[in-house]
Ligand SMILES: *Cc1c(COP(=O)(O)O)cnc(C)c1O
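In my numbering, the protein residues as written are -17 to 376.
Structure representation (structure tokens):
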């Protein structure tokens, strides 16, 4: 009697369940906003990356509706055949201007931006220097390129320099890649020191600004602007699905590189273009950001207030320097229970465990946004206080 072909799945699912690592999907019954209906219940939302509240913004929705009327619902082609609409070209021009770079390419997601941008630049004869905590989409994009991957210690330019010095001579070209803001800790890569190291050895540089765009820098121009390093990175990856509130990714930077990626990137050449509604909404987001810094300011005011109050209550908020606030709990079971009890108290804040973060470093992650009022934050803080005391965390 042969064994059941799917036994391996059952065994792995059991193991995930036993170690409190099984992902359970909650279902949203309302748009992304400060308050949401989650699994049928109205709760205060700390889980979305909707930093500026644009995901349900009237001007964004109007732009999307108008684009559907003017352009239909889908381009029905890849960009390189018949899928490049005037909207895409206009968005790319506006994004390049917003970020202060020579050129930009709009792709279907931030994840795909990393699958698109790395392989054209490095291959089997080359080496990638990658921060230990880089995002999964960077890791996968790096693997896809076939280049050797050398990991340097998190946010450590001295270790990056040592690794480059040791390994670069064995390869044709090097590429240093880092997240701008690390999404699970909310800390910021030392871009000034990293570019200095990369320039010293002549390696290419790439920064993924998914959590910096719309958040850091002047009027949300991103992490490179935050450091005043405009033009210093060869490639800047971004997403339009976080602060911009829509969907899509961007590959921005030197014109020669962006032009080359247009020729080579397989997700660009073999997967259809982003829809007119999404593209037009992204354009509206750029316009909103360029017209006022008010939303970015409110986001940072909220984050500063929430973080200082959490510290006052006795929570460990790790190394956060941004509106991402990890509430460090350690044990994955404790983090899950904490999240469940917060939900019972009317607050939606997810626990995050392995493999998204290291084993034993489980946490609740709070995403602050400009959509929250001070009263919302006070209600959230009261729930953290109550659950933290009940579970003996504070
Ligand atoms: C979220 C994220 C992505 C993926 O962006 P999507 O647009 O959601 O695909 C890529 N890189 C980093 C660093 C991210 O945080």
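We put the CB at the ideal spot given by N, CA and C, even for glycine.
Proximal residues to residue i (C-beta, below 7 angstroms), its chain only, five neighbours per side dropped
i           : result
residue 365 : 324, 327, 328 and 329
residue 142 : 111, 134, 158, 176 and 179
residue 361 : 26
residue 139 : 172, 175, 176 and 179
Cβ-Cβ separation, residue j to residue i (assumed contact under 8 angstroms), whole Å
i           : j           : result
residue 46  : residue 262 : 6 angstroms
residue 392 : residue 26  : No answer is possible for residue 392: the residues shown for the chain start at -17 and end at 376.
residue 225 : residue 201 : Actually they are not in contact, since the Cβ atoms of residue 225 and residue 201 sit about 11 angstroms apart, beyond 8 angstroms.
residue 163 : residue 193 : 4 angstroms
residue 12  : residue 19  : 4 angstroms
residue 267 : residue 49  : Contact doesn't hold; Cβ gap of about 13 angstroms is too wide.
residue 288 : residue 205 : Going by Cβ atoms, the distance from residue 288 to residue 205 rounds to 21 angstroms, so no, they are not a contact pair.
residue 296 : residue 376 : 4 angstroms
residue 234 : residue 78  : 6 angstroms
residue 117 : residue 88  : Wrong, their Cβ atoms sit about 19 angstroms apart, outside the cutoff.
residue 253 : residue 90  : 6 angstroms
Cβ-based neighbour list, residue i, same chain, cut-off 8 angstroms, excluding 5 preceding and 5 following
i           : result
residue 62  : 244, 250 and 251
residue 313 : 342 and 344
residue 372 : 323
residue 174 : 209 and 211
residue 186 : 103, 104, 155, 156, 157, 158, 180, 216 and 217
residue 127 : 100, 101, 103, 104, 105, 108 and 110
residue 351 : 16, 30, 32, 33, 34, 35, 281, 284 and 305
residue 355 : 16
residue 42  : 36, 227, 228, 263, 266, 267 and 270
For residue j and residue i, the rounded distance between their alpha carbons
i           : j           : result
residue 39  : residue 353 : 10 angstroms
residue 317 : residue 65  : 45 angstroms
residue 155 : residue 125 : 16 angstroms
residue 342 : residue 333 : 13 angstroms
residue 308 : residue 166 : 7 angstroms
residue 256 : residue 74  : 12 angstroms
residue 280 : residue 198 : 13 angstroms
residue 339 : residue 115 : 9 angstroms
residue 236 : residue 120 : 19 angstroms
residue 189 : residue 336 : 24 angstroms
residue 220 : residue 232 : 5 angstroms
residue 151 : residue 183 : 10 angstroms
residue 23  : residue -2  : 27 angstroms
residue 248 : residue 239 : 15 angstroms
residue 191 : residue 96  : 11 angstroms
residue 291 : residue 37  : 27 angstroms
residue 8   : residue 331 : 11 angstroms
residue 81  : residue -9  : 45 angstroms
residue 149 : residue 270 : 45 angstroms
residue 153 : residue 172 : 25 angstroms
residue 92  : residue -7  : 33 angstroms
residue 129 : residue -13 : 35 angstroms
residue 293 : residue 246 : 48 angstroms
residue 28  : residue 275 : 22 angstroms
residue 273 : residue 72  : 17 angstroms
residue 57  : residue -15 : 47 angstroms
residue -11 : residue 122 : 27 angstroms
Contact test: residue i Cβ vs ligand 1 heavy atom, cutoff 7 angstroms
i           : result
residue 302 : no
residue 221 : yes
residue 340 : no
residue 96  : yes
residue 161 : yes
residue 91  : yes
residue 192 : yes
residue 117 : yes
residue 165 : yes
residue 231 : yes
residue 224 : yes
Interface flag, residue i vs chain D, CB-CB below 8 angstroms
i           : result
residue 199 : This model lacks chain D altogether, as it is built from one protein chain only.
Contact set for residue i: own chain, Cβ-Cβ below 6 angstroms, skip 5 residues either direction
i           : result
residue 303 : 169 and 170
residue 84  : 236 and 237
residue 222 : 228, 230 and 264
residue 195 : 204, 220 and 225
residue 131 : 110, 112 and 124
residue 298 : 310
residue 2   : 314, 315 and 318
residue 277 : 34 and 352
Cβ-heavy atom distance, residue i to ligand 3, below 7 angstroms
i           : result
residue 126 : Absent from the structure shown: ligand 3. Ligands present: ligand 1.
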